[in-house]
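K.L.:
Pasting a structure below so you can have a look.
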Amino acid sequence: MTSLTEKQIQVLVCIASAIRQGGPPTRKEIAQQLGFSSANAAQQHLRALERKAMLKLRSGKSRGISITQEGWNEIKKYLPPAEEFENQPVIMDEGLPVVGRVAAGKPILAQAHIEDHYRIPAEMFTPPADYLLRVQGDSMHDCGIYDGDLLAVKAYDGVPRKGQLVVARIEDEVTVKRFFRESENVPIVQLLPENSDPCYQPITVDLRYQQLNIEGLGVGIIRSGRNKPL
315 MTSLTEKQIQ
325 VLVCIASAIR
335 QGGPPTRKEI
345 AQQLGFSSAN
355 AAQQHLRALE
365 RKAMLKLRSG
375 KSRGISITQE
385 GWNEIKKYLP
395 PAEEFENQPV
405 IMDEGLPVVG
415 RVAAGKPILA
425 QAHIEDHYRI
435 PAEMFTPPAD
445 YLLRVQGDSM
455 HDCGIYDGDL
465 LAVKAYDGVP
475 RKGQLVVARI
485 EDEVTVKRFF
495 RESENVPIVQ
505 LLPENSDPCY
515 QPITVDLRYQ
525 QLNIEGLGVG
535 IIRSGRNKPL
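Here's what the structure looks like:
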């Protein structure tokens, strides 16, 4: 059984209470509430709790704190009855950014493209997703990706395998397609739709004359409140 110090219990209760009120606290907020000398002191306790599998931390997120199921089981012993979390799911931070239409020449995660955040843990997908991209059009209809769906995307800038679902930028246009290339020595890449309608044709990119960037890999779909792997 995991043993927590009194301070670690206080930190865990602080986080759970903040989540109950709407979202995880920042390190600074934890320090202020518990009287720590600095946010760094709070961070040390968070790291200790992470090592004990009570919570997970996401780097680069000021509120990137989620309590594990083990943490929730532990915290029930210390929370007042009104704040107990029966059947409490794992709580994530502010969620994955939802990217809408991408303007020409702008990074996908530019602030202007983020239309919302979806409160779902990145770890629900394998590998963990970095953002959700709102699908435009029906070019991938036959593989179950429909207009308006949210495609879970893992940021990636390497060379995909044949057949992988990619978010590709061709010059200034962003598209979701299947990646196909005979070999790395061949300069021709095809981005393949999955729709039996003949109006959807493969996009052929000649890397000698056109710029192609792979922005990410599709790792799952959220549709009608449900999610599924790809």
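Just so you know, the sequence shown maps onto residues 315 to 544 in the numbering used here.
Virtual Cβ for every residue (Gly too), placed ideally from N, Cα, C.
Where does the unbroken beta strand (DSSP E) through Gly530 begin, and where does it stop?
P.N.:
Its beta strand (DSSP E) spans residues Leu526 to Arg537.
K.L.:
What's the C-alpha gap between Asn509 and Asp461?
P.N.:
Each residue's alpha carbon lies about 12 Å from the other.
K.L.:
Once the 5 residues before and after Gly530 are set aside, which same chain residues still bring their CB inside 6 Å of it?
P.N.:
Excluding sequence neighbours, Gly530 sits near Val467, Lys468, Ala469, Tyr470 and Val481.
K.L.:
Please report how far the alpha carbon of Gln515 lies from the alpha carbon of Ile323, in whole angstroms.
P.N.:
In a straight line, the C-alpha of Gln515 is about 58 Å away from that of Ile323.
K.L.:
Closest to Leu318 by C-alpha separation, out of Lys391, Ile379, Gly378 and Lys375, would be which residue?
P.N.:
Nearest C-alpha to Leu318: Lys391.
K.L.:
Identify, in the order they occur along the chain, each residue of the same chain with its Cβ nearer than 6 Å to the Cβ of Arg537, setting aside the five sequence neighbours on each side.
P.N.:
Around Arg537: Asp463.
K.L.:
Cutting at 7 Å between CB atoms, please list the residues of its own chain near Tyr445, excluding the five before and the five after it.
P.N.:
So the qualifying residues of the chain are Leu410, Pro411, Val413, Leu423 and Val467.
K.L.:
Tell whether a beta-carbon distance below 8 Å holds between Arg377 and Gly337.
P.N.:
It is a contact, given that the beta carbons lie within the stated cut-off.
K.L.:
Within its chain, find whatever has a CB closer than 8 Å to the CB of Arg341; leave out the 5 residues flanking it on each side and keep chain order.
P.N.:
Same-chain partners within the cutoff: Ala353, Asn354, Ala356, Gln357, Leu360 and Ser376.
K.L.:
Might you give, ordered along the chain, the residues of its own chain that have their beta carbon closer than 6 Å to the beta carbon of Tyr432, omitting 5 neighbours on each side?
P.N.:
So the list reads Gly409, Leu410, Val412 and Leu446, once near-sequence residues are dropped.
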